[in-house]
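First to last, the sequence lines map onto chains A and B. Following our numbering, the numbering of the first sequence begins with 47 at its first residue and continues without gaps. Following our numbering, the numbering of the second sequence begins with 4 at its first residue and continues without gaps. Every residue gets a Cβ at the ideal spot worked out from N, C-alpha and C, and that includes glycine. Quantities reported herein were computed from a predicted structural model and do not represent experimental measurements. In what follows, a single structure is set out as structure tokens and then discussed.
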Amino acid sequence: MNDMNDMENESISKGLEEALKSFEAKTKQAPLGYFDQFELDLMQKIKAKGQAPQKARIVNLFLNERKYLVAASLLFAIATGYLFFTKAENTTTQIAKVEMIEIETLPYELIEAHVNNNEHIAEVEWNSAIETAGTNLISSNN
Amino acid sequence: MTDQALIIQFQKGDSKEGAFTQLLKRHREPVFFQIKKMVLEHADADDIAQSVWIKVWNKLDGFKQESAFSTWLFRVAYNETLNFIAQKKRLKTHTTQNELDHSLEHPSSQNALKETTIQIKLERAIAELPEKQRFVFMLRYYEAFDYEKIASITGTTVGGAKANYHQAIKKMTSILEQA
Numbered sequence: 047m048n049d050m051n052d053m054e055n056e057s058i059s060k061g062l063e064e065a066l067k068s069f070e071a072k073t074k075q076a077p078l079g080y081f082d083q084f085e086l087d088l089m090q091k092i093k094a095k096g097q098a099p100q101k102a103r104i105v106n107l108f109l110n111e112r113k114y115l116v117a118a119s120l121l122f123a124i125a126t127g128y129l130f131f132t133k134a135e136n137t138t139t140q141i142a143k144v145e146m147i148e149i150e151t152l153p154y155e156l157i158e159a160h161v162n163n164n165e166h167i168a169e170v171e172w173n174s175a176i177e178t179a180g181t182n183l184i185s186s187n188n
Numbered sequence: 004m005t006d007q008a009l010i011i012q013f014q015k016g017d018s019k020e021g022a023f024t025q026l027l028k029r030h031r032e033p034v035f036f037q038i039k040k041m042v043l044e045h046a047d048a049d050d051i052a053q054s055v056w057i058k059v060w061n062k063l064d065g066f067k068q069e070s071a072f073s074t075w076l077f078r079v080a081y082n083e084t085l086n087f088i089a090q091k092k093r094l095k096t097h098t099t100q101n102e103l104d105h106s107l108e109h110p111s112s113q114n115a116l117k118e119t120t121i122q123i124k125l126e127r128a129i130a131e132l133p134e135k136q137r138f139v140f141m142l143r144y145y146e147a148f149d150y151e152k153i154a155s156i157t158g159t160t161v162g163g164a165k166a167n168y169h170q171a172i173k174k175m176t177s178i179l180e181q182a
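So, in structure tokens, the structure goes:
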């Protein structure tokens, strides 16, 4: 505390004091009418800044909410993907289930008849194909 | 009308420009000359003073009057001046030191003719002071601000401000004695 008082009480030498006086005289100068012009220039600058279109405001809003927007987009993408795939999977399973149920519920006789009928059709188709091929061969030889 | 009343008027939006102009008229000179004592060049002081007052216009709505307007204003000026000096140092062009060197090396220049060697030495001594010390010294010696106010402006303690003032005097005295 005493040190502080000593510092305050310390006098400035005469040489320094005079130099400081002339320093003030030199730096405390401004051209005539400078402060009036300063005021005019300043107010002009302030008005010009005030009239400039404030496009930053909306950008700033989005910038502030950017992390939420990214999170929301991700959440939306995940939810949409999940719903899409789940729905598609459900439909396929349902179709398979319906088919299985139908086959299971068919009587054995019906299935056997279906197989026999189809075997006959296949045999007929095969025979007609052989006949056609034979006819073509004969006509080409003639 | 007090500064406080003018600030309230500004914050209410009643004749914003009128209130601001009144504040500007009251405080523009001490702020400008404080800045000029720091940077010496008139054009530099003008640039800094303009940006100080633009900041005041932009921030005055949020000023809570927890300190006197002049304390807050000088704090803005202090920050702007230090930023300007730091920027100039980075660019390494037209520093205060360079200008002083120039005036010492070219005695034929008008300034040098008018000044005595001791004045030039003093300017050099002032330029050699750290910015904070210089600012504290100018506020105390020329503006006769109390240490509480200086501490608040420069973001230091009262003891720190006193120490800065003391060291500034010590350095300047020792440089002048070398003459």
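Query raised in the report: Mind checking whether L76(B) and V55(B) have CB atoms under 9 Å apart?
Result: yes
Report task. Taking C-beta pairs closer than 7 Å, name the residues in chain A that M175(B) reaches, listed in chain order. Result -> L62
Query raised in the report: Looking at chain A, which residues of the stretch 28 to 44 of chain B have a Cβ within less than 8 Å of any of its Cβ atoms?
Result: K28, R31, E32, F35, F36, K39, K40 and L43
Requested in this report: Can you tell me which of Q68(B), A80(B) and L63(B) puts its alpha carbon nearest to the alpha carbon of V183(B)?
Outcome: An answer regarding residue 183(B) cannot be provided, because it is not within the stretch 4 to 182 covered by chain B.
Query raised in the report: If you measure from the beta carbon of D49(B) to each beta carbon in chain A, is any gap under 9 Å?
Result: yes
Query raised in the report: F36(B) to K15(B), Cα distance in whole Å?
Result: 31 Å
Query raised in the report: What distance in whole Å lies between the Cβ atoms of I172(B) and A65(A), which are believed to be in contact at a cut-off of 8 Å?
Result: Their Cβ separation, rounded to whole angstroms, is 12 Å, which puts A65(A) and I172(B) out of contact at 8 Å.
Query raised in the report: Thinking C-beta only, is I156(B) closer than 9 Å to L88(A)?
Result: no
Report task. Evaluate contact between the stretch 122 to 130 of chain B and the stretch 146 to 153 of chain B, counting only Cβ atoms and requiring at least three cross-stretch pairs below 8 Å. Result -> no
Requested in this report: Please determine, among T178(A), S174(A), P77(A) and E177(A), the residue with the shortest C-alpha to C-alpha distance to E44(B).
Outcome: P77(A)
Requested in this report: Starting from M141(B), trace the alpha helix (DSSP H) both ways and give me its first and last residue.
Outcome: E134 to Y144
Query raised in the report: Touch check for the stretch 18 to 25 of chain B and the stretch 58 to 73 of chain A: three-plus C-beta pairs under 8 Å?
Result: no
Query - Cutoff 9 Å: L78(A) Cβ touching any chain B Cβ - result: no
Report task. Could you tell me if A154(B) is buried or exposed, where buried requires 16 or more neighbouring beta carbons within 10 angstroms of its beta carbon? Result -> buried
Query - chain B contact residues for F81(A), given Cβ-Cβ distances below 7 Å - result: R31 and E32
Query raised in the report: When the distance is taken between beta carbons, is A52(B) closer than 9 Å to F84(A)?
Result: yes
Query raised in the report: Since M175(B) is in the alpha helix (DSSP H), which residue starts that stretch and which ends it?
Result: V161 to E180
**Report entry** Outcome for A200(B) when other beta-carbon atoms lying within 10 angstroms are tallied against a minimum of 16
**Finding:** Summary: the structure shown does not reach residue 200(B), with chain B confined to residues 4 through 182, and so no result is reported for it.
Query raised in the report: Can you name the start and end residues of the alpha helix (DSSP H) that I129(B) belongs to?
Result: T120 to E131
Query raised in the report: What do you reckon, are the CB atoms on F87(B) and D50(B) nearer than 9 Å?
Result: yes
Query raised in the report: Residues of chain A with a CB under 8 Å from the CB of E126(B): which are they?
Result: F69
**Report entry** Close-in-space but distant-in-sequence residues of the same chain around K40(B) (CB under 6 Å, 5 per side omitted)
**Finding:** M141
Report task. Taking all protein chains shown into account, decide if N167(B) is buried (16 or more other Cβ within 10 angstroms of its Cβ) or exposed. Result -> buried
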